[in-house]
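Protein chains: 2
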Amino acid sequence: MENNDRRKFIKKVGIGAAAIGAGIASSAVPAIAKKQKTYNWKMVTTWPPHFPMLGEGADNLAKWIDEMSGGRLKITVYGGGELVPPLGVFDAVSQGTVEMGHGAAYYWAGKSPATQFFAAVPFGFNAQSLNAWLYSGGGMKIWEELYAKFNLKPFIAGNTGVQMGGWFNKKIDAMSDLKGLKMRIPGLGGKVLAKAGGNAVLVAGGEIYTNLDRGVIDATEWVGPYHDLKMGFYKAAKYYYYPGWHELGTGLEAMVNLNAWNTLPDDLKAIVEAATYRSNIWMLSEFEAKNNAALRELIDVHKVQLKKFPEAVLKGLKKLSKEVVEEVAAADPMSRKAYDSFLKFQKNVYEWNKITEEPYQQLKYL
Amino acid sequence: MENNDRRKFIKKVGIGAAAIGAGIASSAVPAIAKKQKTYNWKMVTTWPPHFPMLGEGADNLAKWIDEMSGGRLKITVYGGGELVPPLGVFDAVSQGTVEMGHGAAYYWAGKSPATQFFAAVPFGFNAQSLNAWLYSGGGMKIWEELYAKFNLKPFIAGNTGVQMGGWFNKKIDAMSDLKGLKMRIPGLGGKVLAKAGGNAVLVAGGEIYTNLDRGVIDATEWVGPYHDLKMGFYKAAKYYYYPGWHELGTGLEAMVNLNAWNTLPDDLKAIVEAATYRSNIWMLSEFEAKNNAALRELIDVHKVQLKKFPEAVLKGLKKLSKEVVEEVAAADPMSRKAYDSFLKFQKNVYEWNKITEEPYQQLKYL
Numbered sequence: 034m035e036n037n038d039r040r041k042f043i044k045k046v047g048i049g050a051a052a053i054g055a056g057i058a059s060s061a062v063p064a065i066a067k068k069q070k071t072y073n074w075k076m077v078t079t080w081p082p083h084f085p086m087l088g089e090g091a092d093n094l095a096k097w098i099d100e101m102s103g104g105r106l107k108i109t110v111y112g113g114g115e116l117v118p119p120l121g122v123f124d125a126v127s128q129g130t131v132e133m134g135h136g137a138a139y140y141w142a143g144k145s146p147a148t149q150f151f152a153a154v155p156f157g158f159n160a161q162s163l164n165a166w167l168y169s170g171g172g173m174k175i176w177e178e179l180y181a182k183f184n185l186k187p188f189i190a191g192n193t194g195v196q197m198g199g200w201f202n203k204k205i206d207a208m209s210d211l212k213g214l215k216m217r218i219p220g221l222g223g224k225v226l227a228k229a230g231g232n233a234v235l236v237a238g239g240e241i242y243t244n245l246d247r248g249v250i251d252a253t254e255w256v257g258p259y260h261d262l263k264m265g266f267y268k269a270a271k272y273y274y275y276p277g278w279h280e281l282g283t284g285l286e287a288m289v290n291l292n293a294w295n296t297l298p299d300d301l302k303a304i305v306e307a308a309t310y311r312s313n314i315w316m317l318s319e320f321e322a323k324n325n326a327a328l329r330e331l332i333d334v335h336k337v338q339l340k341k342f343p344e345a346v347l348k349g350l351k352k353l354s355k356e357v358v359e360e361v362a363a364a365d366p367m368s369r370k371a372y373d374s375f376l377k378f379q380k381n382v383y384e385w386n387k388i389t390e391e392p393y394q395q396l397k398y399l
Numbered sequence: 034m035e036n037n038d039r040r041k042f043i044k045k046v047g048i049g050a051a052a053i054g055a056g057i058a059s060s061a062v063p064a065i066a067k068k069q070k071t072y073n074w075k076m077v078t079t080w081p082p083h084f085p086m087l088g089e090g091a092d093n094l095a096k097w098i099d100e101m102s103g104g105r106l107k108i109t110v111y112g113g114g115e116l117v118p119p120l121g122v123f124d125a126v127s128q129g130t131v132e133m134g135h136g137a138a139y140y141w142a143g144k145s146p147a148t149q150f151f152a153a154v155p156f157g158f159n160a161q162s163l164n165a166w167l168y169s170g171g172g173m174k175i176w177e178e179l180y181a182k183f184n185l186k187p188f189i190a191g192n193t194g195v196q197m198g199g200w201f202n203k204k205i206d207a208m209s210d211l212k213g214l215k216m217r218i219p220g221l222g223g224k225v226l227a228k229a230g231g232n233a234v235l236v237a238g239g240e241i242y243t244n245l246d247r248g249v250i251d252a253t254e255w256v257g258p259y260h261d262l263k264m265g266f267y268k269a270a271k272y273y274y275y276p277g278w279h280e281l282g283t284g285l286e287a288m289v290n291l292n293a294w295n296t297l298p299d300d301l302k303a304i305v306e307a308a309t310y311r312s313n314i315w316m317l318s319e320f321e322a323k324n325n326a327a328l329r330e331l332i333d334v335h336k337v338q339l340k341k342f343p344e345a346v347l348k349g350l351k352k353l354s355k356e357v358v359e360e361v362a363a364a365d366p367m368s369r370k371a372y373d374s375f376l377k378f379q380k381n382v383y384e385w386n387k388i389t390e391e392p393y394q395q396l397k398y399l
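Protein sequences, first through last, are from chains A and B. Residues 34 to 399 in this note's numbering are what the first sequence lists, from first letter to last. Residues 34 to 399 in this note's numbering are what the second sequence lists, from first letter to last.
Laid out in structure tokens, this is it:
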């Protein structure tokens, strides 16, 4: 069955003729032929084509894999909607329509609520702690177990760093200011807002600006200054709030169909894996290096008012977030398992942060 | 000349026969032969063999390169002293005695003071900001320019995260408590201590414990709880101070002899580079995941007293550190160039940290 499936899969996805082989006549042929075989893969993504940093991360992944494999693993990257819709990525890779996908795991909460722990949960990890949990704290094994149920192999392949809290047209001085607030905020952040009495609405990326400008929505979150500046939100909203309590270090993912993965020789497997590490640290570095210049432009040129959520609001949101995430964890055994591991690691890394990264952040004021 | 040099180098380092080729008789031979050629390299390191996390980082680098290259680039790793002394690594790679090295750039301050900016300077970057500066803020280009003068290509290949401030047998309540203090603290940290009236002494790793236990030194820094616990310092000193103001995110390096680098085909170059990214993020994740358990053991089992340097002491050390680093920058044009780039990026990332990582560190208390 398995061999048959594999053969069908190979036929389906178009992995066919070995790249070379003709003209080689020796006992070394089989090994060389295997090593020199060329794989042509497709990667579908949840991003607009070449979307800054996020889509670029997918492009880079393909480029680095191509370079490292000497052209033996060629991956064509498709923007959301070019081959399958952005939110069709998971199914397309799971079913083997394409070999690879790129997105963020919380998009697949409908497949399994547990996926959200591997992208962002409100008041969750920053990038450094998410990486430590995944790579060295057992998180990756749980993610692999979860995705294996969908015939997928997951990789962490990028991070946005701490995001912004969003754009508002009125000040948020107390939790009561969230009551009735119509805000574009997807996922668990939206559920938290709903618990606070607000209206979390879904608006596609291309329509947010118009909705905000016309007052259809009162507020929106997006990513951070680099992306938000391009969206022009400063023309439609006065206040830019921080921190992004709902996305404190969102992990981006690459995923590979497990049958396709199993057809790869070991060297190509190692190459794909290393490329995701490179992409992970590259993307965070880009965000860290480029966000501040955009923030300065928003403040200095466009006169945006930068504001911090008051402590009482963050405290209220944290309490509600805990309830929301507990509900996710109660949904099924995999979610419980992921959350238990997450909580254990969070306790551990919080203690460590207290005497390392936290005092580091204070040194700049001395 | 250049071709001749390369041929001599190839002969010298023993890169000779292509791995395969016999038995292949076709027009495809030259390309395949080049692709299948096996390189046997040596990597010398500044660490004891397989030293936890740091030496393991070198081992992993070699392992991942081997896996990704399908055995075409084999690197044998040598601990410090096995082939060349730990502090002979730079010269050995620079001169082409071996192809690759692994250490930390501040060990080479005697070659060029500018090297220190690429490992750690007092009150410098944490790991995330160092990466952002190097990968996306122009730092790597300066490092490459600096090392090219020594026929070397550098890579950032690991990070310790924020280190500890060290082990003390008396409390440090004021800057005056540093006067006359005999402390094992190398490099720029030592120069800062000397400016504060202390005695910075050099003690090899294997002799620190005995020196501390016998009162030959009053204090020592090392790395962090995971390594310090193994060294048994808790048996010889009462107080464990934080934060490690002198090493807030020490970068580890891999370096390759430029002639050896230039013999590699493009795919192997890309493989070596990706392996350093993987090693970089792997090492930091290990530190972040494992330090706290060791810290708990130090506190709960060995009753170590964890103490934070008072603000007045950190403020005094920061002032002296600024003087010391300015002196480094004044040493030569490359140091000036590195420091100017460092300062510009630090201003940028500090502003960004204020509304992202800094408030993130406060959320745990809500």
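For every residue, glycine included, the Cβ atom is placed at its ideal position computed from N, Cα and C. Bear in mind that the values here come from a model prediction, so they are computed numbers and not experimental data.
The alpha helix (DSSP H) with residue i in it runs from where to where?
i, result
"GLY90 (chain A)", "87 to 101"
"ASN325 (chain A)", "299 to 329"
"GLY220 (chain B)", "220 to 228"
"VAL234 (chain A)", "First-last for VAL234 (chain A): 232 to 234, but that is the beta strand (DSSP E), not the alpha helix (DSSP H)."
"VAL361 (chain B)", "344 to 362"
"MET133 (chain A)", "That residue, MET133 (chain A), is in no alpha helix (DSSP H); its beta strand (DSSP E) goes 133 to 136."
Which residue comes first and which comes last in the beta strand (DSSP E) that contains residue i?
i, result
"TYR272 (chain A)", "272 to 275"
"VAL256 (chain B)", "Segment: none, VAL256 (chain B) is in no beta strand (DSSP E) and carries neither H nor E."
"ARG217 (chain B)", "215 to 217"
"GLN338 (chain B)", "338 to 341"
"TYR111 (chain A)", "106 to 111"
"GLU286 (chain B)", "284 to 290"
"ALA190 (chain B)", "185 to 192"
"PHE201 (chain A)", "199 to 201"
"TYR372 (chain B)", "Unbroken run through TYR372 (chain B) is the alpha helix (DSSP H), 366 to 387; no beta strand (DSSP E)."
"THR78 (chain B)", "72 to 78"
Taking residue i and residue j to be in contact with their CB atoms under 8 Å, please state how far apart those CB atoms are, rounded to whole angstroms.
i, j, result
"THR193 (chain B)", "GLU89 (chain B)", "Contact doesn't hold; Cβ gap of about 13 Å is too wide."
"PHE183 (chain A)", "GLU306 (chain A)", "That belief does not hold up - the Cβ atoms of PHE183 (chain A) and GLU306 (chain A) are roughly 19 Å apart, past 8 Å."
"LYS340 (chain A)", "TYR272 (chain A)", "5 Å"
"PRO146 (chain A)", "SER368 (chain A)", "5 Å"
"ALA237 (chain A)", "ILE218 (chain A)", "About 14 Å; that fails the 8 Å criterion."
Does the distance from the CB of residue i to the CB of residue j come in under 9 Å?
i, j, result
"PRO85 (chain A)", "GLY112 (chain A)", "no"
"LEU235 (chain B)", "GLY223 (chain B)", "yes"
"PHE342 (chain A)", "ALA270 (chain A)", "no"
"THR71 (chain B)", "LYS107 (chain B)", "yes"
"GLY74 (chain B)", "LEU396 (chain A)", "Gly is not the amino acid found at residue 74 (chain B); the sequence shown has Trp there. No."
"MET216 (chain A)", "ILE388 (chain B)", "no"
"PRO119 (chain A)", "THR78 (chain A)", "yes"
"TYR393 (chain B)", "PRO155 (chain A)", "no"
"LEU291 (chain A)", "LEU185 (chain A)", "yes"
"ALA153 (chain B)", "GLY282 (chain B)", "yes"
"SER318 (chain B)", "ASN386 (chain A)", "no"
"VAL110 (chain B)", "THR130 (chain B)", "no"
"LEU214 (chain B)", "ALA252 (chain B)", "yes"
"GLU100 (chain A)", "ALA364 (chain B)", "no"
"SER162 (chain A)", "GLU391 (chain B)", "no"
"ASP299 (chain A)", "GLY103 (chain B)", "yes"
In chain B, which residues lie with their C-beta within 7 Å of the C-beta of residue i?
i, result
"ASP299 (chain A)", "GLU100"
"PHE156 (chain A)", "LEU396"
"VAL195 (chain A)", "THR389, GLU390, TYR393"
List, in chain order, every chain B residue whose beta-carbon is nearer than 8 Å to that of residue i.
i, result
"TYR29 (chain A)", "Only positions 34 to 399 of chain A appear in the structure, and residue 29 (chain A) is not among them; the question remains open."
"SER162 (chain A)", "GLU321"
"LEU281 (chain A)", "TYR393, LEU396"
"TRP278 (chain A)", "LEU396"
So with CB distances below 8 Å, who are the chain A contacts of residue i?
i, result
"TYR103 (chain B)", "Reading off the sequence shown, one finds Gly at residue 103 (chain B), where the question assumed Tyr. Those within 8 Å of GLY103 (chain B) in chain A are LYS68, PRO298, ASP299, ASP300."
"LEU328 (chain B)", "GLU384, TRP385, ILE388"
Is the stretch 123 to 138 of chain B close to the stretch 347 to 366 of chain B, with three or more CB pairs under 8 Å? With a cut-off of 8 Å, the stretch 347 to 366 of chain B and the stretch 123 to 138 of chain B do not count as touching, because too few Cβ pairs lie within range.
With three or more beta-carbon pairs closer than 8 Å as the criterion, would you say the stretch 181 to 193 of chain A touches the stretch 201 to 212 of chain A?
no
Take every Cβ of the stretch 310 to 325 of chain A, pair it with every Cβ of the stretch 314 to 321 of chain B, and state whether three or more of those distances are shorter than 8 Å. yes
Are the stretch 157 to 171 of chain B and the stretch 372 to 391 of chain B touching, with three or more C-beta to C-beta distances below 8 Å?
Touching, yes, given that three or more Cβ pairs across the two stretches are closer than 8 Å.
*contact_flag[the stretch 322 to 337 of chain B, the stretch 250 to 266 of chain B] where n(CB pairs < 8 Å) is 3 or more*: yes
Taking 8 Å as the cut-off, does the stretch 227 to 234 of chain B touch the stretch 291 to 306 of chain B (at least 3 CB pairs, one atom from each stretch)?
At 8 Å Cβ cutoff, the stretches do not touch.
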